[in-house]
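Everything on this sheet refers to the single structure shown next.
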Amino acid sequence: MSPDPRFPFPSYPKGWFAVAFSDDVGRGEVRRLHYFGRELIAFRGESGRVTVAGAHCPHLGAHLGHGGVVEGDTIRCPFHGWRFEGDGRCAHIPYSAHVPPKAQLDAWPAVEQGGVIFAFHDPSGGAPWPLPEHEDEGWTSARTVIWRGLRTHPQEVFENTVDIAHLDPVHGGRGARLMGPPRREAERMWVDLEFEASGDIVGMPGSINDVALFVTMVGLGWVRVETHVRNVDVFARQRILVTPVDETCVDIRGVVQVRETDDPAFTEELARLFFDAYVEDFAKDFPIWEHKRYLTRPRIAKGDGPIGTYRKWCEQFYASASAASANAPHVSATRLRASAVRALAPMRAGLERLWGGLRPSREPPPSSAPRAPAVASPPKKAQPVESAREYRETLPERFAPSAARGVDAVFQWELGGEGGETFHAEVRDGRLEVALGPHPRPTTTLIMPAEDYVRVVNGELDGTAAFTTGRGKVRGSLQMAMKMRRLFPA
Numbered sequence: 001m002s003p004d005p006r007f008p009f010p011s012y013p014k015g016w017f018a019v020a021f022s023d024d025v026g027r028g029e030v031r032r033l034h035y036f037g038r039e040l041i042a043f044r045g046e047s048g049r050v051t052v053a054g055a056h057c058p059h060l061g062a063h064l065g066h067g068g069v070v071e072g073d074t075i076r077c078p079f080h081g082w083r084f085e086g087d088g089r090c091a092h093i094p095y096s097a098h099v100p101p102k103a104q105l106d107a108w109p110a111v112e113q114g115g116v117i118f119a120f121h122d123p124s125g126g127a128p129w130p131l132p133e134h135e136d137e138g139w140t141s142a143r144t145v146i147w148r149g150l151r152t153h154p155q156e157v158f159e160n161t162v163d164i165a166h167l168d169p170v171h172g173g174r175g176a177r178l179m180g181p182p183r184r185e186a187e188r189m190w191v192d193l194e195f196e197a198s199g200d201i202v203g204m205p206g207s208i209n210d211v212a213l214f215v216t217m218v219g220l221g222w223v224r225v226e227t228h229v230r231n232v233d234v235f236a237r238q239r240i241l242v243t244p245v246d247e248t249c250v251d252i253r254g255v256v257q258v259r260e261t262d263d264p265a266f267t268e269e270l271a272r273l274f275f276d277a278y279v280e281d282f283a284k285d286f287p288i289w290e291h292k293r294y295l296t297r298p299r300i301a302k303g304d305g306p307i308g309t310y311r312k313w314c315e316q317f318y319a320s321a322s323a324a325s326a327n328a329p330h331v332s333a334t335r336l337r338a339s340a341v342r343a344l345a346p347m348r349a350g351l352e353r354l355w356g357g358l359r360p361s362r363e364p365p366p367s368s369a370p371r372a373p374a375v376a377s378p379p380k381k382a383q384p385v386e387s388a389r390e391y392r393e394t395l396p397e398r399f400a401p402s403a404a405r406g407v408d409a410v411f412q413w414e415l416g417g418e419g420g421e422t423f424h425a426e427v428r429d430g431r432l433e434v435a436l437g438p439h440p441r442p443t444t445t446l447i448m449p450a451e452d453y454v455r456v457v458n459g460e461l462d463g464t465a466a467f468t469t470g471r472g473k474v475r476g477s478l479q480m481a482m483k484m485r486r487l488f489p490a
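Numbering (the working numbering), first residue to last: 1 to 490.
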């Protein structure tokens, strides 16, 4: 049983758990750690290999994190100079040719993957299972965050992946449903979802996002959420890594990446927006986790999601569990990855806002869950235009002053090719001034062939596809660019 009276299960499940980011442990460095109620160390040898081990020397108990020195791929104790290999074996005693056979440092199985150092925790000494392969090619560099000392349990955190009913009141996600039955095999569980996400988190109310979410859980310390914002064809992924600190608290690490587009500057802006929104939205669960109590017999209602299936799967990660029971095949009804719902809401919102005239690539997913009130319809579509010049000349009548509240920016269009021109619009205090030619300091600039932009305005070309494939580009503030649809409805 857990010493925390809120939870009826042990505090420390078995499995892979993140103990540091790779950047935290440089070559030749020793870092002190505290996880699973124990003092640990991580050190990186000359070869680059990382070792995670108990902090105390088996000789007379000196703490290797206080004065221990890395020599080659070994660590030397500051007390008597004993040196230990990465697998825990004593490699050298400076004053004795005989090494006691039990002079073993408590080394833990460790791997380094995707910028994170993982250690395998299993008090029974069982063999570690493999983590899924990780590929960085084609993705942005990882943006990371760590939340320390949250009063909850890993099982509670990942239960949000199946607790569909909390998404609307906590995260604004609605209409979530499974794209197929959840699957589980040994230490892994997979859930594929689709749902509607609001753009409110990035200050862009009125847009609805069509999101598909592919969740992989490996034990109770590792989750990967692969996100496809289908109406703008943008992909992102998050890893949510939860590690017990002691019997009452956990650390949570987040690692966020976006699939690269043909425009590096645009990709970087998307990555920043997505990460910022993820950090903000994920934290909405914290007050609930830190104060809720786990109920062994919850009064489940239809539409809550397959919470019972998830809990049964979790049993195998505790010493008293029956692995055979936990691994038995099971078909369930629904579940969602809360973490991504939040991260996703922002991303898609931003892009939909960004390119006016976009149309969803498909209808939003149907749902049996109660629906939130419908969002306001977008402004009435203006008349089609035949040229970039005509679009510029009609900007004053397209301008929506109600959307300009608090906006102080210069929006610039660089429309090239036949019939192209450069012009800008200054929006200040709800007023608009349009001028031909470039501005010396535009807030954001939209770059596209004039012919393509006219087609986007007229609804003949998918604006999102044009930008994400490199036919169009944005220079400057992407957040301001996302306001263009509201300011200048197509």
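The beta carbon of each residue, even a glycine, is placed where N, CA and C say it ideally should be.
A quick note: this is a predicted structure, and the numbers were derived from the prediction, not measured.
Compare the beta carbon distance of E194 and V215 with 8 angstroms and say whether it is the shorter of the two.
As a working mapping, residue 194 is identified with position 194 in the sequence shown. As a working mapping, residue 215 is identified with position 215 in the sequence shown. No, they are not a contact pair.
Same chain, Cβ closer than 6 angstroms to H153, five either side skipped, listed in chain order:
Within the sequence shown, the letter at position 153 stands for residue 153. The residues are F7.
Mind checking K312: buried by the 16 CB within 10 Å criterion, or exposed?
Taking the first residue of the sequence shown as position 1, residue 312 is located at position 312. Buried, because 16 or more other Cβ atoms sit within 10 Å of the Cβ of K312.
Which residues mark the beginning and the end of the beta strand (DSSP E) in which D408 is found?
For the purposes of this step, residue 408 is taken as the residue at position 408 of the sequence shown. Counting along the chain, the beta strand (DSSP E) containing D408 begins and ends at 408-416.
For L395, the first and last residue of its enclosing alpha helix (DSSP H):
Translated into the one-based positions of the sequence shown, residue 395 becomes position 395. L395 -> alpha helix (DSSP H) spans 395-398.
With distances taken Cα to Cα, identify the nearest neighbour of R389 among A103, G417, A409, M482.
For the purposes of this step, residue 389 is taken as the residue at position 389 of the sequence shown. Selected option, being the one with the closest Cα: G417.
Exposed or buried, which one is L131 when buried takes at least 16 other CB atoms within 10 Å?
Looking up residue 131 in the sequence shown gives position 131. Buried, by the Cβ-count rule.
Please report the straight-line C-alpha distance between G357 and V234, rounded to a whole angstrom.
Reading the sequence shown from its first residue, position 357 is the one you call residue 357. Reading the sequence shown from its first residue, position 234 is the one you call residue 234. Summary for G357: the model assigns pLDDT 35, below 50, so the residue's position carries little reliability; its value from the coordinates is reported in the next sentence. One C-alpha to the other measures close to 17 angstroms.
Is the beta carbon of L487 less than 8 angstroms from the beta carbon of F399?
As a first step, residue 487 must be located in the sequence shown, where it is residue number 487. As a first step, residue 399 must be located in the sequence shown, where it is residue number 399. Against a cut-off of 8 angstroms, the Cβ pair of F399 and L487 comes out as a contact.
Residues in the same chain with beta-carbon distance under 6 angstroms from W147, minus the five sequence neighbours each way, listed in chain order, please.
Within the sequence shown, the letter at position 147 stands for residue 147. Closer than 6 angstroms at Cβ, skipping near neighbours: I252.
Starting from K14, follow the beta strand (DSSP E) in both directions and report where the run begins and ends.
Taking the sequence shown and counting its residues from 1, one reaches residue 14 at position 14. K14 -> no beta strand (DSSP E), and no H or E assigned at all.
By Cβ distance, which residues of its chain are closer than 6 angstroms to R237, with the 5 residues on each side in sequence left out?
Indexing the sequence shown from 1 puts residue 237 at position 237. The residues are E226, Q257.
Ignore the nearest five residues each way along the sequence and tell me which others in A142's own chain have a CB closer than 6 angstroms to its CB.
Residue mapping note: residue 142 aligns to position 142 of the sequence shown, counting from 1. Cβ within range, chain order: G115, V255, Q257.
Pop quiz: A119 and V19 are said to be a contact at Cβ under 8 angstroms. What is the actual Cβ separation, rounded to whole angstroms?
Translated into positions along the sequence shown, residue 119 becomes position 119. Translated into positions along the sequence shown, residue 19 becomes position 19. A119 to V19, Cβ: 5 angstroms. Contact.
On the three-pair Cβ rule with 8 angstroms, is the segment 471-487 touching the segment 435-446?
yes
Considering only C-alpha positions, which residue in the set I164, P94, D452, T394 is nearest to F467?
As a first step, residue 467 is located in the sequence shown; it is residue number 467 there, counting from the start. When only C-alpha atoms are compared, the closest one is D452.
With 16 other CB atoms within 10 Å as the buried threshold, where does R362 fall?
What you label residue 362 is simply residue 362 of the sequence shown in a count that begins at 1. Caution applies to R362, whose pLDDT of 37 falls short of 50 and renders its modelled position unreliable; the value that the coordinates give is listed next. Exposed: under 16 other Cβ atoms inside 10 Å.
Between the beta-carbon of D281 and the beta-carbon of N160, is there less than 8 angstroms?
Numbered from its first residue, the sequence shown carries residue 281 at position 281. Numbered from its first residue, the sequence shown carries residue 160 at position 160. Result no, Cβ atoms of D281 and N160 do not sit closer than 8 angstroms.
Where does V523 fall in DSSP's three states?
The requested residue 523 is not part of the displayed model; the chain covers only 1 to 490.
Euclidean distance between Cα positions of G67 and V250
Here residue 67 refers to the residue found at position 67 of the sequence shown. Here residue 250 refers to the residue found at position 250 of the sequence shown. G67 and V250: Cα-Cα distance of roughly 27 angstroms.
May I have the straight-line CA-CA distance separating R293 from F84, to the nearest angstrom?
On the sequence shown, position 293 is the one that residue 293 refers to. On the sequence shown, position 84 is the one that residue 84 refers to. Spanning the two alpha carbons is a distance of roughly 43 angstroms.
If you measure between the beta carbons of A91 and P78, is that distance less than 8 angstroms?
Counting from one through the sequence shown, the residue named residue 91 turns up at place 91. Counting from one through the sequence shown, the residue named residue 78 turns up at place 78. Contact: no.
Let me confirm a value: T296 is counted as buried when at least 16 other C-beta atoms fall within 10 Å, else exposed. Which label applies?
The residue you call residue 296 lines up with position 296 of the sequence shown. T296 comes out exposed.
Straight-line CA distance for R471 to M448?
The sequence position of residue 471 within the sequence shown is 471, counting from 1. The sequence position of residue 448 within the sequence shown is 448, counting from 1. When rounded, the distance between both Cα atoms is 6 angstroms.
May I ask you to verify whether the segment 160-174 touches the segment 263-272, counting CB pairs closer than 8 angstroms and requiring at least 3?
no
Out of L415, I307, R188, state which residue places its alpha-carbon closest to the alpha-carbon of Q316.
The sequence position of residue 316 within the sequence shown is 316, counting from 1. It is R188.
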